[in-house]
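J.:
Numbering (the numbering used here), first residue to last: 360 to 680.
#1: For residue 515, tell me which candidate among 665, 367, 631, 666 has the shortest Cα-Cα distance.
#2: Between which two residues does the beta strand (DSSP E) carrying residue 441 extend?
#3: Between the C-alpha atoms of residue 646 and residue 479, what's the straight-line distance to the nearest angstrom?
#4: Counting Cβ pairs, one atom from each stretch, are 3 or more of them under 8 angstroms apart for the region 441 to 448 and the region 506 to 521?
#5: Since I believe residue 466 is in contact with residue 448 (beta carbons under 8 angstroms), could you give me their beta-carbon distance rounded to a whole number of angstroms?
#6: Helix, strand or coil: which one does DSSP assign to residue 613?
#7: Take residue 389 as the anchor and find which of 543, 402, 377 has the nearest alpha-carbon.
#8: Starting from residue 625, follow its DSSP beta bridges and name the residues at the other end.
#9: Measure the alpha-carbon distance for residue 555 versus residue 581 and round it to whole angstroms.
#10: Tell me which same chain residues have a C-beta within less than 7 angstroms of the C-beta of residue 587, skipping the five on either side of it?
#11: Could you spell out the range, first to last residue, of the beta strand (DSSP E) harbouring residue 483?
#12: Measuring straight from C-alpha to C-alpha, what distance separates residue 609 and residue 410?
#13: Since residue 465 sits in a beta bridge, which residues does DSSP pair it with?
#14: Could you give the distance in angstroms between the alpha-carbon of residue 593 and the alpha-carbon of residue 578?
#15: Please state whether DSSP places residue 534 in a helix, a strand or coil.
#16: Rounded to a whole number of angstroms, what is the C-alpha to C-alpha distance between residue 486 and residue 420?
#17: Quick check on residue 500: buried or exposed, where buried means 16 or more other Cβ atoms within 10 Å of its Cβ?
#18: Return the first residue and the last residue of the alpha helix (DSSP H) that residue 408 is part of.
#19: Can you tell me the Cα-Cα spacing of residue 658 and residue 394, whole angstroms?
#20: Quick check on DSSP: helix, strand or coil for residue 507?
#21: Can you tell me whether residue 584 is buried or exposed? The criterion is at least 16 other CB atoms within 10 Å of its CB, across all chains shown.
#22: What is the rounded straight-line gap between the Cα of residue 455 and the Cα of residue 461?
#23: Rounded to a whole number of angstroms, what is the C-alpha to C-alpha distance between residue 591 and residue 547?
#24: Classify residue 373: buried if its beta carbon has 16 or more other beta carbons within 10 angstroms, exposed otherwise.
#25: Please state whether DSSP places residue 373 in a helix, a strand or coil.
#26: Measuring CB to CB, does residue 529 end up less than 9 angstroms from residue 595?
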């Protein structure tokens with residue numbers, strides 16, 4: 360039923376755009392024949408709006424992977440740069456949260472480890488919505504920030520790094536066999552806000568998959584049982600993503616959280632000083648408005664990366680802008 364609904368929506372959208380294109384072309388021809396400039400202007404405006412929607416539909420047509428329609432787990436980890444890097448990690452988490460909210464997705468916090476002075480050391484959120492993983496999957500990698508540090512009294516320019524790792528949430532239609540004997544399960548006291556009970560009992564759960572070294576953890580719920588169930592779901596999702604990577608052969612085999620978070624590994628640079636620019640180092644796409652990008656305006660970067668990920672794929676990213 361879900362697949363049928365998605366197909367119905369796609370077909371209806373295509374037919375509507377096709378009809379809209381044909382109708383407005385006829386209106387322009389009628390306006391030219393009658394000399395009515397108002398009709399021509401109105402039809403041209405409608406065609407420009409349709410062009411933007413067609414560009415968006417073209418991008419969504421690239422989201423045809425096995426798990427692209429699923430929800431997505433997004434992990435962020437601070438890297439080289441200390442407090443500055445931890446602050447940058449928090450900015451990244453906010454950026455993806457704002458992007459998700461603009462898409463109409465919901466964001467659920469799974470776990471978060473705050474920095475000693477500011478920012479966060481790591482965090483995991485679950486982004487819920489149709490095609491959430493499809494959109495976010497190309498964001499995995501190291502992100503570099505260059506700015507005047509607010510934590511430096513000498514106001515010097517600092518470079519910070521943080522990594523992002525995205526993997527799909529799996530549903531009941533996907534079976535992942537995980538042996539409990541292959542895992543080490545640790546419980547610990549949750550940190551951060553959440554109430555007295557969360558912080559005074561060993562409610563947080565960490566699961567380590569020994570054969571692969573994958574580590575997942577959850578501390579969001581007050582109940583250890585709920586945290587354990589969420590952690591198991593995260594582990595199955597991580598193992599599933601690892602299998603998808605092998606099949607697609609388009610991403611690195613190492614997890615982003617295991618890769619060195621520093622020079623030479625970044626996929627995107629965010630420069631705030633001495634000039635302002637965001638550049639994706641994989642596709643060459645640039646933006647001169649980093650404030651908008653950090654506020655969640657990521658579609659143009661995601662579109663270019665999705666097109667590059669599909670062999671021979673290309674989209675007109677100018678229409679998205």
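Just so you know, even glycine gets a beta-carbon here, dropped at the ideal spot from N, CA and C.
All values reported here derive from a predicted model rather than from experimental measurement.
T.: On the basis of the supplied data:
#1: Among 665, 367, 631, 666, the Cα nearest to that of residue 515 belongs to 631.
#2: Counting along the chain, residue 441 falls outside any beta strand (DSSP E), though it belongs to the alpha helix (DSSP H) covering 441 to 461.
#3: 26 angstroms
#4: In short, these stretches touch, since the Cβ pair count reaches three.
#5: Wrong, their Cβ atoms sit about 16 angstroms apart, outside the cutoff.
#6: With a pLDDT of only 42 at residue 613, under the threshold of 50, the placement of this residue in the model should not be trusted; the figure read from the coordinates follows. If DSSP states are grouped into helix, strand and coil, residue 613 belongs with coil.
#7: 402
#8: 501
#9: Low local confidence applies: a pLDDT of 49 at residue 555 is under 50, so the model's placement there is unreliable, with the coordinate-based value given in what follows. Approximately 10 angstroms, taken between the alpha carbons.
#10: 564
#11: 479 to 487
#12: Any reading at residue 609 needs caution, since the residue's pLDDT is 45, under 50, leaving its predicted position unreliable; the model's value is listed next. Residue 609 and residue 410: Cα-Cα distance of roughly 30 angstroms.
#13: According to DSSP, residue 465 bridges with 487.
#14: Inter-residue distance for residue 593 and residue 578 is about 13 angstroms (C-alpha atoms, whole angstroms).
#15: coil
#16: 20 angstroms
#17: buried
#18: 396 to 419
#19: 39 angstroms
#20: strand
#21: exposed
#22: 10 angstroms
#23: 16 angstroms
#24: A residue is called buried once 16 or more other Cβ atoms fall within 10 Å of its Cβ, and residue 373, having fewer, is exposed.
#25: helix
#26: yes
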